[in-house]
Amino acid sequence: MRFFVLGLIGLIGVGCHPRFLQIRSDFLTPAYLGGEQIDTPDPRRHCFYGEQVVVRWVIPKRYLGLDPTLELTVRYGDRTIESFRVSVRKTRGFWVYQLTEERYSCKGGILSYKAEIFTDSEVIARWQHHIWADRIAAPDEF
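Residues 15 to 156, numbered by this note's numbering, are exactly what the sequence shown covers, in order.
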């Protein structure tokens with residue numbers, strides 16, 4: 015019985031750990047469009063393909079006065095990297111990045127990504143895709 019109670023307390027403690035960032039990615043197809051659901055004409059119906067990254071945050075109020083910023087860094091299939099910054103103005107919110115149509119084809123899709131919420135002085139939350147790796151800067155001369 016004692017081990018059951020200790021295990022239950024351990025699970026409750028793990029469940030209460032704050033997760034400031036939650037991220038998911040989805041493939042986009044014509045079925046994602048609202049017109050497809052109700053069978054109305056949509057000029058993008060035959061060419062709407064891509065991926066999206068949805069970033070959701072919940073941060074404590076004490077950080078709002080420090081002007082927090084969300085930065086999403088995306089590595090594409092063609093190995094290029096692009097970063098996007100968004101001001102965080104509320105304790106809860108979400109932001110969606112979509113890579114669709116011709117740009118999706120040219121970039122080769124989304125390979126991996128990471129997100130950080132930071133203030134001037136510190137990173138308060140970080141999440142990265144399981145195959146994300148930071149680039150290693152090598153000197154120009156070998």
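For each residue, glycine too, the CB sits at the ideal point set by N, CA and C.
Here DSSP, grouped into helix, strand and coil, assigns ARG149 to coil. Rounded to the nearest angstrom, the gap between the Cα atoms of LYS104 and ALA152 is 39 Å. Remark: C-beta atoms of TRP141 and GLN36 approach each other more closely than 9 Å. Taking a cut-off of 8 Å on C-beta distances, the segment 83-90 touches the segment 123-138, as three or more cross pairs fall below it. The segment 33-49 makes contact with the segment 62-71: 3 or more CB pairs, one atom from each, lie closer than 8 Å.
Contact between TYR63 and THR114 holds: CB atoms are separated by about 7 Å, below the 8 Å threshold.
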